[in-house]
Amino acid sequence: MSTPAVAVLPPCRLASVTPIPARPTWRSAPDGPIPRWRPVDKICQRQPFVVPRRMATVAVAAPARQVEQREEEATGDEKFVWEKHWYPIVPLKWLEEAQGEGFESGLPQIQRQTILGRDIVVWKDAEGKWRAVEDRCSHRLAALSLGSVQKDGTLACRYHGWCFNGRGECTHIPQATDGTSEATACSSTRSKILAFPTLQAGGLLWVWPDDSPTSWVDAAATEPKLGKVTSPDVDWMVTDIPTSYMNWVENAFDPTHADHVHHGQNAFGVAFRREHAFLVKEFRQTRKTTAEGGFTVNHTPVTADTQGQNTTVDFQPPTLAATEALIKGMVNINLSVHHVPMHPGRTRLLLASSMEAKEDKGKAVLKAVMAVQKLQTFIRELPLMLLPGYVRTGLRHACGGQAGVPNGLLVQDIAVIHSEYVQLARSKADWKSQYYLPSPGDNGVLIFRKWLHTLAGGEPNWVRGGTEEDFKADNEAEVYNKWNRHSRQCPHCRKALKFLGGLNSLLGKATVGLLGVAVALAIFRTANPHMAVVATVAAGMAIVVRLETQRLCNKFVTDLPYSGMPEFRFGWAS
580 MSTPAVAVLP PCRLASVTPI PARPTWRSAP DGPIPRWRPV DKICQRQPFV VPRRMATVAV
640 AAPARQVEQR EEEATGDEKF VWEKHWYPIV PLKWLEEAQG EGFESGLPQI QRQTILGRDI
700 VVWKDAEGKW RAVEDRCSHR LAALSLGSVQ KDGTLACRYH GWCFNGRGEC THIPQATDGT
760 SEATACSSTR SKILAFPTLQ AGGLLWVWPD DSPTSWVDAA ATEPKLGKVT SPDVDWMVTD
820 IPTSYMNWVE NAFDPTHADH VHHGQNAFGV AFRREHAFLV KEFRQTRKTT AEGGFTVNHT
880 PVTADTQGQN TTVDFQPPTL AATEALIKGM VNINLSVHHV PMHPGRTRLL LASSMEAKED
940 KGKAVLKAVM AVQKLQTFIR ELPLMLLPGY VRTGLRHACG GQAGVPNGLL VQDIAVIHSE
1000 YVQLARSKAD WKSQYYLPSP GDNGVLIFRK WLHTLAGGEP NWVRGGTEED FKADNEAEVY
1060 NKWNRHSRQC PHCRKALKFL GGLNSLLGKA TVGLLGVAVA LAIFRTANPH MAVVATVAAG
1120 MAIVVRLETQ RLCNKFVTDL PYSGMPEFRF GWAS
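At position 143 of the sequence shown the residue is numbered 722 (my numbering), and the sequence of numbers has no breaks.
What follows is the structure in structure tokens.
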């Protein structure tokens, strides 16, 4: 299993310290500096430096009052604290594409992310480390995500040029009259901004969105919840869903919806058909529910393709629902889905899968299936081989799907869950009085809701306040807005869309030029008349290719068709 590469820890001033027992390493990495604590004034300052990457033998010092508080919590009622956890926000592969806005690049250097209603800006500093700070300048509150990265790795505000390092400290104020006044202003606590620990694990960048005095200590002592999909090379599906965190996590524990909502779809080797749906006769909890540990459930198969063993779903709060199932009686699939609460009414999904076969026959079948899939992809993309690789990848996302999840299957889920979310958000009644859950297949929803309302406050703790009910949930157009949902965040889709946009413009100019040549040749007859015909045919081909390019560009922006009736075709039987 790979381990996290980077976390950040501030020196802290303490009267006394109590060591937290060292935790096992979860990713090997070069040794880093050992943190040191200076016992002065009992105040924890936000002046972080890098946590040692090899943590197996390094104990992290924590304030005595913090340890006492944890002991009190352990002996009392356990409650889930939303801010004090690692949240995955974006694949590292995507971040490495952050080189600007040309055809050869993808995302902007600086990216705005949102966790629990808090806007966070992420960038790579001069040391090559990913940093995260609150996305607002301490000067006039302008968004730092609109700024730029300087040569020294600091983040400059676009409004007045104030610069900040990865520890949230102001390092430069262009308007300062002299060095003394600048140093005084930069040393003021009012010039600082909130900075958050970051960590790399499982191919994802994680952020600890807590601003309490002990946040850096807590982050250094806590492992991210990775599940069984841990390869740094895995492809992650990323999509921002216009529904609540609660409704989407419920979906992970609702196996009986699959053959009904996804009728006609195929994913992960499973063909979903309403007439093939199995009755869930047994759905039980196999691990006791705790605030921090979540719970595990186990249920009988729901489709013909998953017969052979029960399916297990493990919930590790706040984000991970890890599913393990048997496909075709031979191949085990591990599916990791992270649900990141961005703000009320918006949830980020990060999904990846891995497959393994324990028997020789299963391994041979898995290799054969993978080979067939690669061959099918090659044949399907053969006409596109002249296009750059990032364009082909972007077109896969736009026209097919991501990480084995077809676009059609995803939109089916979004449409149904959004309709549920709208009803819950409009109503003032409690979910218990509105849901009717009489079947064993509903047990997963009940178990999750019990954890949520008994141990976690009923919904995420939004930093800026508000609730799911406050959010305007009836914007159905967002369900089909693929640009906001995925393309604007994906470097492959951004690059592909720019390439196709440039090609579309070029084809438009070529069409006009070829038609002009054809007309000139026909009028003056100074050359072979066949040349005018060739120019006309070439112009017609350019028009056809341009129309196809426009149709493909549309797929990056919306799920609705480019022409005809603007309705999504769900593929459901009427």
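Backbone N, C-alpha and C define an ideal beta-carbon position, used for all residues, glycine too.
Helix or strand or just coil, what does DSSP make of residue i?
{"i": "K1077", "result": "helix"}
{"i": "D698", "result": "strand"}
{"i": "M921", "result": "strand"}
{"i": "R971", "result": "helix"}
{"i": "G873", "result": "strand"}
{"i": "T759", "result": "helix"}
{"i": "T777", "result": "strand"}
{"i": "Q692", "result": "strand"}
{"i": "W795", "result": "helix"}
{"i": "V881", "result": "coil"}
{"i": "R863", "result": "strand"}
{"i": "S1142", "result": "coil"}
{"i": "W1151", "result": "coil"}
{"i": "Q1013", "result": "helix"}
{"i": "C742", "result": "strand"}
{"i": "L914", "result": "strand"}
{"i": "A711", "result": "strand"}
{"i": "G1095", "result": "helix"}
Kindly indicate which residue of the options has the alpha-carbon position closest to the one of residue i.
{"i": "R1067", "options": "T1033, C1132, A1097", "result": "C1132"}
{"i": "H878", "options": "R1104, N1022, P667", "result": "N1022"}
{"i": "W673", "options": "W741, C1072, K1061, M1120", "result": "C1072"}
{"i": "W702", "options": "L695, A711, E1057, K1077", "result": "A711"}
{"i": "Q991", "options": "D838, E1038, S1142", "result": "D838"}
{"i": "G848", "options": "N913, V786, K860, K807", "result": "N913"}
{"i": "G747", "options": "C736, A755, V1116", "result": "C736"}
{"i": "S933", "options": "D812, W741, Y1059", "result": "D812"}
{"i": "I996", "options": "G924, T1033, C1069", "result": "G924"}
{"i": "E1038", "options": "V1116, M825, F832, N986", "result": "M825"}
{"i": "R719", "options": "V859, K1088, H739", "result": "H739"}
{"i": "A721", "options": "W709, L734, Q729", "result": "L734"}
{"i": "E999", "options": "V669, P821, E761", "result": "P821"}
{"i": "W1147", "options": "L1031, A1101, N986", "result": "Checking the sequence, you will find Phe at residue 1147 rather than Trp. Checking every option, the nearest Cα to that of F1147 belongs to N986."}
{"i": "T1090", "options": "H1109, P1070, A1118", "result": "A1118"}
{"i": "N1083", "options": "S794, G806, M1120, A800", "result": "M1120"}
{"i": "Q864", "options": "L1003, V1024, K804, H841", "result": "V1024"}
{"i": "L974", "options": "V1113, T1033, R769, K1134", "result": "K1134"}
The beta strand (DSSP E) that contains residue i, what's its start and end?
{"i": "S933", "result": "925-935"}
{"i": "P670", "result": "666-670"}
{"i": "C1069", "result": "No beta strand (DSSP E) contains C1069, which DSSP labels as neither H nor E."}
{"i": "V892", "result": "890-895"}
{"i": "W661", "result": "Careful: W661 lies outside any beta strand (DSSP E) and carries neither H nor E."}
{"i": "H751", "result": "749-751"}
{"i": "V808", "result": "Taken as a continuous stretch (DSSP letters only), V808 belongs to no beta strand (DSSP E), as it is neither H nor E."}
{"i": "I772", "result": "Looking at the DSSP string, I772 is not in any beta strand (DSSP E), and its letter there is neither H nor E."}
{"i": "D731", "result": "Element bounds for D731: n/a, residue is neither H nor E."}
{"i": "A904", "result": "899-906"}
{"i": "D789", "result": "It is not in any beta strand (DSSP E) - D789 carries neither H nor E in the DSSP assignment."}
Are the CB atoms of residue j and residue i within a distance shorter than 7 Å?
{"i": "S724", "j": "D731", "result": "no"}
{"i": "L898", "j": "H918", "result": "In the sequence on display, residue 898 carries Thr and not Leu. Contact flag set, yes."}
{"i": "G1020", "j": "F851", "result": "no"}
{"i": "L930", "j": "V916", "result": "yes"}
{"i": "L773", "j": "W1041", "result": "no"}
{"i": "V1124", "j": "L1086", "result": "yes"}
{"i": "V881", "j": "P834", "result": "yes"}
{"i": "D797", "j": "K663", "result": "yes"}
{"i": "L928", "j": "Y1059", "result": "no"}
{"i": "L988", "j": "Q779", "result": "no"}
{"i": "P667", "j": "L783", "result": "yes"}
{"i": "C1154", "j": "C765", "result": "Lying before the first or after the last residue shown, residue 1154 is absent from the chain, which here runs from 580 to 1153."}
{"i": "E1057", "j": "A1004", "result": "no"}
{"i": "K658", "j": "A800", "result": "no"}
{"i": "A883", "j": "H855", "result": "yes"}
{"i": "K1074", "j": "T1137", "result": "no"}
{"i": "V910", "j": "A950", "result": "no"}
Just checking: is the beta-carbon of residue i within a distance shorter than 7 Å of some beta-carbon in chain C?
{"i": "G983", "result": "As a matter of chain content, chain C is missing from the structure shown, which is built from one protein chain."}
Which stretch, first to last residue, makes up the alpha helix (DSSP H) that contains residue i?
{"i": "H1032", "result": "1022-1034"}
{"i": "T1115", "result": "1108-1136"}
{"i": "R1005", "result": "986-1005"}
{"i": "W827", "result": "824-831"}
{"i": "V840", "result": "837-840"}
The segment 969-983 in contact with the segment 808-823 per 3-pair CB rule at 8 Å = yes
Do three or more CB pairs link the segment 962-975 to the segment 1090-1103 at distances below 8 Å?
-> no
At least 3 beta-carbon pairs within less than 8 Å: the segment 777-792 vs the segment 753-760 = no
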